[in-house]
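Heads up: the sequence shown begins at 292 in my numbering, then just goes up one per residue.
Think of the CB as a built atom: it goes at the ideal place given N, C-alpha and C, for glycine as much as any other residue.
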Amino acid sequence: MEKTKKILAVETTSLTKQYKDKAAVKQLNLKVQEGEIYGFIGRNGAGKSTTLKMISGLITPTEGEIKLFGKPINDPIIRRRIGVLIESTGFYPNLTAKQNMIMKAKLMGLTDYSSVEHVLQITGLINIEKKQIKHFSMGMKQRLGIALALLGNPDLLILDEPINGLDPQGIIEMRQLLLNLNQQYGITILVSSHILDELSRLATHYGFIDNGKMIKEISASDLENSFRKSVRIEVTDGKALAAVLEQTGQPYKILAPNVIEVYNRVNISHLTADLEKYQCDVLSIQEREENLENYYVNLIGGISHE
Ligand code: ATP
Numbered sequence: 292m293e294k295t296k297k298i299l300a301v302e303t304t305s306l307t308k309q310y311k312d313k314a315a316v317k318q319l320n321l322k323v324q325e326g327e328i329y330g331f332i333g334r335n336g337a338g339k340s341t342t343l344k345m346i347s348g349l350i351t352p353t354e355g356e357i358k359l360f361g362k363p364i365n366d367p368i369i370r371r372r373i374g375v376l377i378e379s380t381g382f383y384p385n386l387t388a389k390q391n392m393i394m395k396a397k398l399m400g401l402t403d404y405s406s407v408e409h410v411l412q413i414t415g416l417i418n419i420e421k422k423q424i425k426h427f428s429m430g431m432k433q434r435l436g437i438a439l440a441l442l443g444n445p446d447l448l449i450l451d452e453p454i455n456g457l458d459p460q461g462i463i464e465m466r467q468l469l470l471n472l473n474q475q476y477g478i479t480i481l482v483s484s485h486i487l488d489e490l491s492r493l494a495t496h497y498g499f500i501d502n503g504k505m506i507k508e509i510s511a512s513d514l515e516n517s518f519r520k521s522v523r524i525e526v527t528d529g530k531a532l533a534a535v536l537e538q539t540g541q542p543y544k545i546l547a548p549n550v551i552e553v554y555n556r557v558n559i560s561h562l563t564a565d566l567e568k569y570q571c572d573v574l575s576i577q578e579r580e581e582n583l584e585n586y587y588v589n590l591i592g593g594i595s596h597e
């Protein structure tokens, strides 16, 4: 059976932004397929905002091409299919969430405001009819930013650091909101963060940017499979353990005289039996798995900066 070709919601080719003496984004190729939650990860100043602003049509690239749903971004129909939250949106602080939504809807030329209530509901901004934005918490403001981006019923949401500045509860709520928008409403999401862990358990795909360049694009499942697994073993005689590992051809590293890390699965009963011949006892065994954060550090750690 012929596979249906998935549509790319976002595709950039050799995308470049050169400021006077600073190349903020360099020859960047980024691909987001429809239905994905794409976590765009990079430290402060890596070029995330500049990339997202170009994709949203807020600034013009110096070079390169951007396609949204296979069409150029200046296509008016395509522009209506995207919702954007980049930097703190210009809220009207003395108005309520609903009044802000209606203002934006008018600016967008929407004549039907029936979706306003619905959007306020899915972003958790109901039952606060009288509350002015200036009295909103950071989390509520971020959710209002997303509510505004959802006006017009977009197929693609572009969110720049929506988790920035949120407390742990706010982070959980934001994750749930984004998951819900993706899974229940089928919205493709391109979301940036400088903290990888914030997007874990959420992103289906990742793109890592550093110094304006795309370092790697990888699916969440491939990423997890690539984590190195290891076992840290403490024994009474480190030399005996090293000898046994040499005999069995296991890759390992000596961390302390009696502590060794083995980068492989370890059959504990075989190992204990082998060590008995040397009268060596196992004191502790700890299974370890590389996590997102140290994967990221390893990924960009070796890259030189101009
Ligand atoms: P942050 O999370 O800190 O915003 P970022 O990954 O979003 O980081 P960008 O804001 O895209 O990074 O900035 C990338 C680089 O381009 C930075 O070195 C920044 O100083 C520079 N830059 C951004 N905007 C301009 C501008 N208008 N003029 C000159 N340089 C700029």
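- [ ] Might you give, ordered along the chain, the residues of its own chain that have their beta carbon closer than 8 Å to the beta carbon of isoleucine 599, omitting 5 neighbours on each side?
- [x] Since the first residue shown for the chain is 292 and the last is 597, residue 599 is missing from the structure and cannot be characterised.
Open item on the list: On a Cα-Cα basis, can you pick out the residue from Leu469, Glu464, Lys422 that is closest to threonine 387?
Closed with: Lys422
TODO: Can you say whether isoleucine 328 is buried or exposed, counting buried as having 16 or more other CB atoms within 10 angstroms of its CB?
DONE: buried
Open item on the list: Taking 7 Å as the cut-off, is the C-beta of glycine 355 nearer than that to any heavy atom in the ligand ATP?
Closed with: no
TODO: Have a look at the DSSP bridge pairing and note the partners of aspartate 451.
DONE: Paired residues: Ser483.
TODO: Return the bridge partner residues of serine 510 from the DSSP annotation.
DONE: His496
Open item on the list: Considering only their Cβ atoms, is the gap separating leucine 490 from valine 604 smaller than 8 Å?
Closed with: No answer is possible for residue 604: the residues shown for the chain start at 292 and end at 597.
Open item on the list: For the pair the segment 521-539 and the segment 568-580, tell me if three or more CB-CB distances fall below 8 Å.
Closed with: yes
Open item on the list: The beta strand (DSSP E) that contains glycine 355, what's its start and end?
Closed with: Membership of glycine 355 in the beta strand (DSSP E) is indicated by the continuous run 354-359.
Open item on the list: Between which residues of its own chain and glycine 348 is the CB-CB distance below 8 Å, once the five residues before and five after are set aside?
Closed with: Ile364, Asn365, Arg370
Task: Neighbourhood of isoleucine 424 by C-beta, 6 Å cutoff - its chain only, sequence neighbours within 5 removed - done: Correct list, in chain order: Phe382, Pro384.
- [ ] Could you tell me how far apart the beta carbons of leucine 306 and methionine 345 are, in whole angstroms, since I believe they sit closer than 8 Å?
- [x] About 6 Å; that satisfies the 8 Å criterion.
Open item on the list: I want to check one thing, is the minimum distance from the CB of histidine 561 to the heavy atoms of the ligand ATP below 7 Å?
Closed with: Because no heavy atom of the ligand ATP lies under 7 Å away, the Cβ of histidine 561 does not count as near it: no.
Open item on the list: Quick check on the burial criterion: 16 or more other C-beta atoms within 10 angstroms. Buried or exposed for proline 453?
Closed with: buried
Open item on the list: By DSSP's criteria, alanine 314 is part of a beta bridge. Which residues make up the other side?
Closed with: Gln309
TODO: Give every residue of the same chain whose Cβ lies closer than 7 Å to the Cβ of glutamate 293, excluding the five residues on either side of it in the sequence, and list them in chain order.
DONE: Bear in mind that the predicted position of glutamate 293 carries a pLDDT of just 48, short of 50, making it too unreliable to give a figure here.
Open item on the list: In this structure, how does DSSP classify alanine 531 when only helix, strand and coil are distinguished?
Closed with: helix
TODO: Just list the beta strand (DSSP E) runs in the segment 541-595, keeping only unbroken ones of 3 residues or longer that don't cross its boundaries, in chain order.
DONE: 543-547, 550-553, 573-580
TODO: For glutamate 508, I'd like the list of residues in its chain whose CB is within less than 6 Å of its CB, leaving aside the five on either flank, ordered along the chain.
DONE: The answer, listed in chain order, is Gly498.
Task: Nearest-angstrom Cα separation, counted from leucine 532 out to leucine 574 - done: 12 Å
Task: Under the three-state DSSP convention, the category leucine 468 falls into - done: In this structure, DSSP gives leucine 468 a helical state, which the three-state scheme calls helix.
Open item on the list: Considering just the uninterrupted stretch of the beta strand (DSSP E) at isoleucine 437, what are its terminal residues?
Closed with: Where isoleucine 437 is concerned, there is no enclosing beta strand (DSSP E), although the alpha helix (DSSP H) it sits in stretches over 429-441.
- [ ] Please classify glutamate 408: does DSSP put it in a helix, a strand, or coil?
- [x] helix
- [ ] Name the one or two DSSP bridge partners that tyrosine 329 has.
- [x] Leu481, His496
TODO: Look up threonine 539 in the DSSP assignment and say whether it is helix, strand or coil.
DONE: Looking at threonine 539 - three-state DSSP - the assignment turns out to be helix.
Task: Buried versus exposed call for threonine 402 [16 or more other C-beta atoms within 10 Å across all chains shown] - done: Its Cβ having fewer than 16 others within 10 Å, threonine 402 is exposed.
Open item on the list: Buried or exposed for alanine 438, going by 16 or more other Cβ atoms inside 10 Å?
Closed with: buried
TODO: With leucine 376 as the anchor, note down where its beta strand (DSSP E) starts and where it stops.
DONE: Annotation: the continuous beta strand (DSSP E) that includes leucine 376 extends over 373-376.
Task: According to DSSP, residues forming a beta bridge with leucine 615 - done: Here the chain covers residues 292 to 597 and nothing more, so residue 615 does not appear.
- [ ] Report back the beta-carbon spacing between asparagine 555 and proline 542 to the nearest angstrom; my notes put them in contact at under 8 Å.
- [x] 6 Å
Open item on the list: Mapping the DSSP letters down to three states, classify threonine 304 as helix, strand or coil.
Closed with: strand
Open item on the list: Does the distance between the C-beta of glutamate 489 and the nearest non-hydrogen atom of the ligand ATP fall short of 7 Å?
Closed with: Flag unset: Cβ of glutamate 489 not near the ligand ATP.
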